[in-house]
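Peer 1:
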Amino acid sequence: METLEPIVAGHPFFRGLDPRYLQMVATCASRVNFSAGQLLCRAEEEARQFFAILHGRVAVEIFSARRGPVTLQMLGEGEVLGWLWFDKPYHWHFDARALEITRVISLDVKALMETCEKNPDLGYELLKRYAHALAVQFRVARLQLMDMYGT
Amino acid sequence: MITKTPDPMLPTPWVVQRVRRETADTYTLELAGPRGAAGFAFAPGQFNMLYAFGVGEVPISISGDPERPETLMHTIRDVGSVTHAICGLKKGEALGVRGPYGTPWPVAEAAGSDVVVVAGGLGLAPLRPAIYHLLNHRADYGALELIYGARTPGDLLYRRELERWRGRFDIRVHVTVDSAGPDWRANVGVVTDLIARARFDPEHTLALVCGPGIMMRFTVRELLAQGLKPHRILVSMERNMKCGIGLCGHCQWGPFFICKDGPVFTFERIQDWFDRREV
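Chains A and B are the protein sequences, given in the same order.
Under our numbering, the first residue of the first sequence is numbered 261, with each subsequent residue one higher.
Under our numbering, the first residue of the second sequence is numbered 20, with each subsequent residue one higher.
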């Protein structure tokens, strides 16, 4: 049976994680492929997965009745998708669409959270990594908001 | 024998040959010189004072190819009365030109180095002559990375040219916008984020940066974080130029007159003034 440990270990989000924890994370993981145009998630739906992108490109979109889908962010290899799996009500806030064939590690959020609850060291380690990803996103979002090319 | 030097405050009439609309409010004017003129020699990064007769004069960077001096090119955003008058000129109409003024991008000194060009919004216009130079002399340089950001795909300058450059194997072009529709395939995000994705050797790289102040501040911060030294980061600080020759003091910025000492500075030279709010 294929183990996902080496694949999880190779993703920047999990790189350097203790092998013991990698094994735990891998038990919550599966490999999923999306074809071009396919949605990885849809706003308001329950956020059951956390995606670590192995290959491909993903557009994070918000739908506006007047403008149609508006792309807010582009994600690619080595990045993660799924802002809110630590935060109730665990719903997606945006759509995410594969722009080309996209391969991801899909982590079952419920299983991962249960594993983290049982293993606080792993939970803390993942939270630190997640906080870094959020901090980067936050900085980018603020710069986008301030319209820096128009000032 | 006494030779009369040309009056630097006297504009020369140049005639509009072509007006190209780049975005909703930005136009590129191609100008031809007076009959018999040899062309307009300039260095990448320099600017001219353009005079809309009877309206006023504005400093505008030269955006054409320095190796094709027969055509003078300026890319202008229609934001005020003078730029509105200039953008409204038709083929065959004239405007006054004084220049070229200011310090250039040190493209010759960059030979042997990797070059990272970072542009935001209209900031691609003063960088385009440097890009032409780098591509015209491609063998003299190492890796060449162009990182360009704008609000939306509709705000990108020189769209066709960007696509052409992107198709080359000897320059990597990274384009990003703040938001886009579903047909947009390039990046959505900010230019500073793309710097980490660019391939260059920080020890042997020259960075050329031009854009709005905030964009440049965050870009310089990221370039320093990537390991570039302050003297290897060049920024164009265009602002308030009026006479173009360091006489009127309008563009004074700390100890510098931007029209004469700049607009292109090494970050090392201006770092004490770069973030200062009082100037």
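For each residue, glycine too, the CB sits at the ideal point set by N, CA and C.
Bear in mind that the values here come from a model prediction, so they are computed numbers and not experimental data.
Enumerate in chain order the residues of its own chain whose CB-to-CB distance from P53/B is below 7 Å, with the five nearest sequence positions on each side excluded.
Peer 2: T31 and P32
Peer 1: At which residues does the beta strand (DSSP E) containing T31/B begin and terminate?
Peer 2: T31 to R40
Peer 1: Can you tell me which of E128/B, A130/B, A127/B and R147/B puts its alpha carbon nearest to the alpha carbon of V136/B?
Peer 2: R147/B
Peer 1: For V318/A and A286/A, which I take to be in contact (beta-carbon distance under 8 Å), what is that distance rounded to the nearest angstrom?
Peer 2: In fact, because the Cβ distance is near 22 Å, the residues do not count as touching under 8 Å.
Peer 1: Measure from the C-beta of M408/A to each C-beta in chain B and report whether the shortest distance is under 7 Å.
Peer 2: yes
Peer 1: For R157/B, is the classification buried or exposed, using 16 other Cβ atoms within 10 angstroms of its Cβ as the cut-off for buried?
Peer 2: exposed
Peer 1: Mind checking which residues open and close the beta strand (DSSP E) that includes S290/A?
Peer 2: A289 to F294
Peer 1: Any Cβ of chain A within less than 7 Å of the Cβ of I277/B?
Peer 2: no
Peer 1: So with CB distances below 9 Å, who are the chain B contacts of F309/A?
Peer 2: Looking at the sequence provided, one finds Gln at residue 309/A rather than Phe. Simply none; closest approach about 22 Å.
Peer 1: Out of R280/A, I365/A and G342/A, state which residue places its alpha-carbon closest to the alpha-carbon of A356/A.
Peer 2: Closest option to A356/A, Cα to Cα, is G342/A.
Peer 1: What in chain A is Cβ-close to V98/B, meaning under 8 Å?
Peer 2: Those within 8 Å of V98/B in chain A number zero; the least Cβ separation is about 11 Å.
Peer 1: Give the DSSP-derived three-state secondary structure of A149/B in the structure shown.
Peer 2: helix
Peer 1: Does the beta carbon of P201/B sit closer than 7 Å to a beta carbon anywhere in chain D?
Peer 2: Structure shown: chain D not included; protein chains present are A and B.
Peer 1: Under the rule that 16 or more other beta-carbon atoms within 10 Å means buried, what is D212/B, buried or exposed?
Peer 2: buried
Peer 1: Do the region 172 to 183 of chain B and the region 122 to 134 of chain B meet, that is, are 3 or more Cβ pairs less than 8 Å apart?
Peer 2: no
Peer 1: Residues of chain A with a CB under 7 Å from the CB of D212/B: which are they?
Peer 2: Those within 7 Å of D212/B in chain A are V400.
Peer 1: Would you check if there are 3 or more beta carbon pairs closer than 8 Å linking the region 107 to 116 of chain B to the region 66 to 73 of chain B?
Peer 2: Yes: at least three Cβ pairs fall under 8 Å.
Peer 1: Leaving out five residues on either side along the sequence, give the residues of the same chain with a beta carbon under 8 Å from the beta carbon of V98/B.
Peer 2: D44
Peer 1: Check whether the region 362 to 378 of chain A and the region 307 to 316 of chain A touch, using three or more Cβ-Cβ pairs below 8 Å as the test.
Peer 2: yes
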